[in-house]
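Residue numbers (our numbering): 18 to 300.
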Ligand code: SF4
C-alpha cells in the first residue's frame, strides 16, 4: 500500500473540475513559479507553519527550539507550547486506503452534483504511485480528476493518466528560456505531455495562470493558442494572478519575491484565442 503526504483536503470546491468536488492537495512540486500562491505545497517534506494572526510575541515557541537545538527556532514541540495554537505541522502522511476512507463519506453528495475527487498540489505527479493507487481505489465510485502542470516522465504521466477521468492541465510559458526563468525548469516535458494528453481519450481542460508582464504578452498568448490549435483544443480557462499570493510565505518564514509587478492587471487577450478558434473563459 502506498503512502502519500498531503497538505490540505478542501471540500465542496467548484473550480477544480466538473460539479462539486473534494480536492486533495499533495505536497511536493519540481517547479518554483515565482507567483506560486501555495508555497506550502512546494517542498515534499512536512513543514511547520506559524500563523501571524493573534501572536502574543511571548517567544515560547522559539524558546522551545532553543532548548532543543541551542538556537531560537521552531521545532515540532513548539506546536504544543504555543498558548494560541498558532503553529501546525503542514504535511500529513496518509496511506492510500486511509485517504480513501476519509474521502468516501461525501462521495454520494459529490456524485449527485456530477462532481468527484480532484488530486492537486503542489504537483500531484511528484507522488505519482500514491495518486495512481488512490485513483484506482476510487475507480467506479466517483469521477477522478488530476490537476497538473504535466512535469513528469512519459511513463509516469501515462500511468497516472490511465486511472484519470479528467485532467486540468496548466500551461504557463511556451518560450523555454522564460519558462526556466520564472519556474526554474524547462517546459520540454510539459509540452510533450500536453501533446500526449491531447492525443489520448481522456477529456481535459487547459488552464493558464495569467501573470502580468510574464505570460500575458501577445507573443506568449499567440504561441499558446497556436499549440492548442495544433492539438485540436477549442477552449481555455484563464486564471488572473492572485494579488494575495504572497500571504502564505510569511507563515513559512519565507520571503515572497515574485520578480514582476503584481499590481498591474493581466491582459486576457481573448481576441487572440478567438483568432485561433479557441473560446477563452476568465475564472
Ligand atoms: S508561542 Fe504562539 S503566541 Fe507565543 S510567540 Fe510563538 S506563535 Fe506567538
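Backbone N, C-alpha and C fix where the C-beta goes; we use that ideal spot for every residue, glycine too. Predicted model, so just to flag it, every value in this text is computed and none were measured.
Residue i Cβ short of 7 Å to the ligand SF4 heavy atom set
i           : result
residue 101 : yes
residue 106 : no
residue 67  : yes
residue 73  : yes
residue 41  : no
residue 76  : yes
residue 98  : yes
Beta-bridge partners of residue i, as assigned by DSSP
i           : result
residue 257 : 227
residue 290 : Per DSSP, none; premise fails for residue 290.
residue 118 : DSSP output for residue 118 lists no bridge partner at all.
residue 160 : 133
residue 87  : Partner(s): none; residue 87 has no beta bridge.
residue 109 : 23
residue 64  : 107
residue 219 : None, per the DSSP bridge assignment.
residue 43  : 23, 138
residue 317 : What is shown of the chain runs 18 to 300, which leaves residue 317 out entirely.
residue 185 : 164, 222
Any non-hydrogen atom of the ligand ZN within 7 Å of residue i CB
i          : result
residue 84 : Ligands displayed in this structure: the ligand SF4; the ligand ZN is not among them.
Within 8 Å, strictly: CB atoms of residue i and residue j
i           : j           : result
residue 191 : residue 255 : no
residue 139 : residue 58  : yes
residue 258 : residue 202 : no
residue 107 : residue 66  : yes
residue 132 : residue 36  : yes
residue 84  : residue 96  : no
residue 199 : residue 50  : yes
residue 277 : residue 228 : yes
residue 238 : residue 286 : yes
residue 120 : residue 39  : yes
residue 172 : residue 213 : no
residue 23  : residue 94  : no
residue 211 : residue 248 : yes
residue 43  : residue 136 : yes
residue 250 : residue 219 : no
residue 61  : residue 143 : yes
Integer Cβ distance of residue i from residue j, believed to fall under 8 Å
i           : j           : result
residue 151 : residue 179 : Not really, about 14 Å apart at Cβ, beyond 8 Å.
residue 28  : residue 123 : 6 Å
residue 301 : residue 20  : Residue coverage of the chain in this structure runs from 18 to 300, which leaves residue 301 outside it and unanswerable.
residue 166 : residue 187 : 4 Å
residue 103 : residue 130 : About 35 Å; that fails the 8 Å criterion.
residue 283 : residue 52  : The Cβ separation is near 10 Å, so there is no contact.
residue 243 : residue 293 : 7 Å
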